Amino acid sequence: MTKVIAVIGAGYGDEGKGLMTDYYSSQYTDAIVIRSNGGAQAGHTVVTPEGERHVFSHFGSGTFNGSPTFLSKHFVCNPILFVKEHKLLVDKFGIEPEVYIDGGSIITTPFDMLLNQTHEAIRGDDLHGSCGVGFGETLERKKVFDVINIADLSYFSDADLAESLNQIRVEYIPTRMDLSTAGETFLQIINNDELISDFIDACNYMMSYVKLKQPYHLKDSTLIFEAAQGLLLDMDYGYFPHVTRSNCGMKNISDILSEIPGPHDVTVNYVRRAYTTRHGAGPLDGELTLEAIRHNVVDETNITNEFQGSLRFAHGDFNLFESVTDKDFSNYAPVGSKKVTTMTCIDQLGMIAGAKANSERHNLCDVYWKEDFINIAKRASDYFSYGPTREDVKKLDK
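All residue numbers for the sequence shown refer to our numbering, where the first residue is 542 and numbers rise by one.
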C-alpha cells in the first residue's frame, strides 16, 4: 500500500505548508514531494533546526531532507525562476536537488510575466492580488493559444522554441493588450530578441537537470503532496476575482493519485495559522492592523511589494476553517482518507486570540483569552507548531 500525505493550506496561503512538508519528509527516507498546483508564485518557507532558511518555489519543501521533487502536470514551470533558485540552492547550500517532472507541465514565458505585471499595474486600486510572475497569464494564454510544455522542450530545437516564442510575441500579445497604448518601454522590451535567446538558455539549463516521469513511476515511494496557496484562494472556493487560477486542495491531488497504482493510505492535513493572514488584494473578514491584532507576528517571507502590498491580518475564524476544509475533503478526498489539521504560529499568540462576530458571511469566533483559545484550538487540531522548524511541530494527544 502506498502511503500518501497531502499538505493543504486552509487559508489565503502562508499557513505553514513548507514547515509541515519539511516535517513529514524528515520522517520518511523514501519520500517524494509532489507539487500539485501553482507555480513559481507560490513560495514555501523552510527553516532547518540549524537555522538555514529558504523559500522554495520550484523545489519541494523536503529538499533539505534529500527528498526528490515531482512537478506534476498541474504545476506551471517558470524556467527563468527555476534557474535562479537552482543556482541559489547549489551555491548557498551545496544542494543538487533531484527533480522529476510531468511532460504535461506547461511553462511560463517572459511575455507572460510582462503581461502579468503590466495588467496588474494598470488596474490601479482594483488590484487582483497578483505576484507578477506570469502564472495567471500563462493559464489565460492556454485557453486560446498554443502552449509550450515540458514534453515540447524535451525534443524542441532552439530554433523550434524561438519560433514558438516569436508566435506568442507577434500573434498573441496583441490580443491581450492594445500595443498602440502600451508605451515605448514595453515595446522595446518585448521586441528585444535577447529576451527570447536568454529564455532559451534558461529552458536548456532547466532541462539539463530535470528528469521526465509520469505519476505511475512514483508508486513505490511515500508520497507527500505539497499544495500551493490556500483553499480561500482556490478558483472554486475563493472570492472571485481575487483568486488564483488553480485548485489548491484535494481536487488535483486525487486526479494525480488516479494515475498511481493503489491501494493508497491517504492522510489529508489542512494547515492554518493561529490567526489569519492575507498577502494581496481581496476581502478579509474582520481585518485588523498588526497593532490591533496584538500578536507577536514574525514573518520574513511576505515582504511588502508593489503587486501584493503588505501582509494583512485578522483573527482566526474556526467556522470558516471547518467549512472550507470539510467541503474540500468531502468533495475530493478518496474514500477511506483520514483528515487531520495543523495550527501553526502558536508561539506568536498575544494577549487575546479572537474577535467578535462582525461579518454577514462568516461568524468569527468570540473573544478568548490566550489560554482559552489554545484549549479550544487543541480540540480542533491534531498538530501544533510552536516555532519555525520541524522540531517545533508537536503531535497533540487525543
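Think of the CB as a built atom: it goes at the ideal place given N, C-alpha and C, for glycine as much as any other residue. Keep in mind it's a predicted model, so treat the numbers as computed, not measured.
Excluding sequence positions up to five before and after Leu-937, its CB lies within less than 7 Å of the CB of Lys-919, Ser-922, Asp-923, Tyr-924, Phe-925, all in the same chain and listed in chain order. Ser-721 carries a helical assignment under DSSP once its states are collapsed to helix, strand and coil.
According to the DSSP assignment, Lys-880 belongs to the beta strand (DSSP E) that extends over 879–885. Going by C-alpha positions, Thr-817 is about 29 Å away from Asp-796. Taking C-beta atoms as the reference points, Tyr-811 and Ile-575 fail to come closer than 8 Å. With a threshold of 16 other beta carbon atoms within 10 Å, Phe-859 meets it and is buried. Residue pairing by DSSP puts Asp-806 in a beta bridge opposite Lys-544. Residue environment for Met-747: buried (at least 16 other C-beta atoms within 10 angstroms of its C-beta). Relative to Leu-655, the option among Asp-693, Pro-715, Gly-635 whose CA is nearest is Pro-715. Annotated as proximal: Gly-891 and Arg-835, with beta-carbon spacing under 8 Å. Contact check between the stretch 626–641 and the stretch 591–609: three or more CB pairs, one atom from each, fall below 8 Å, which counts as touching. Within 10 angstroms of the beta-carbon of Pro-756 lie 16 or more other beta-carbons, which makes it buried.
For the 8 Å CB-CB criterion, Thr-649 and Val-617 form a contact.
The three-state secondary structure of Cys-744, taken from DSSP, is helix. In the DSSP assignment, Phe-623 falls outside any beta strand (DSSP E) and lies within the alpha helix (DSSP H) extending over 620–634. Contact between Gly-601 and Glu-767 is confirmed by a C-beta separation of about 6 Å, below the 8 Å threshold. The C-alpha of Ile-794 is placed about 31 Å away from the C-alpha of Ser-851. Boundaries for Ser-926: no alpha helix (DSSP H) harbours it, while the beta strand (DSSP E) harbouring it runs 924–926, taken from the DSSP string.
By the C-beta criterion, the stretch 765–784 is judged to be in contact with the stretch 560–577, since at least 3 inter-stretch pairs fall below 8 Å. Where Tyr-565 is concerned, the enclosing alpha helix (DSSP H) starts and stops at 558–566.
Judged by DSSP secondary structure, Tyr-696 falls within the alpha helix (DSSP H) whose first and last residues are 691–696. Counting every other CB atom within 10 Å of its CB across the protein chains shown gives Pro-620 a total of 16 or more, marking it as buried. Residue pairing by DSSP places Arg-853 opposite Arg-819 in a beta bridge. Of the residues Leu-861, Asn-732, Pro-929, Asp-869, the one whose Cα lies closest to the Cα of Ile-887 is Pro-929. Comparing alpha-carbon positions, the option among Phe-870, Phe-862, Gly-821, Ala-815 lying closest to Glu-912 turns out to be Ala-815.
Contact between the stretch 725–742 and the stretch 584–597 is not established, with fewer than three Cβ pairs separated by less than 8 Å. When DSSP states are grouped into helix, strand and coil, Leu-937 belongs to the coil group.
With a threshold of 16 other beta carbon atoms within 10 Å, Tyr-564 meets it and is buried. Collapsing the DSSP output to three states places Gly-550 in a strand. DSSP places Ala-572 inside the beta strand (DSSP E), whose first and last residues are 572–576. Shown here, Arg-710 sits in a helix according to DSSP, grouped into three states.
According to DSSP, residue pairing for Val-588 in a beta bridge involves Arg-594. By alpha-carbon distance to Gly-823, the top candidate from Asp-701, Asp-739, Gly-779, Leu-622 is Gly-779. A straight line joining the alpha-carbon of Phe-854 with that of Ser-598 spans about 24 Å. In this structure, Asp-555 is the residue among Thr-659, Thr-543, Asp-555 with its C-alpha nearest to the C-alpha of Leu-773.
Separation of Asp-734 and Lys-614 (C-alpha to C-alpha, rounded to the nearest whole angstrom) is 29 Å.
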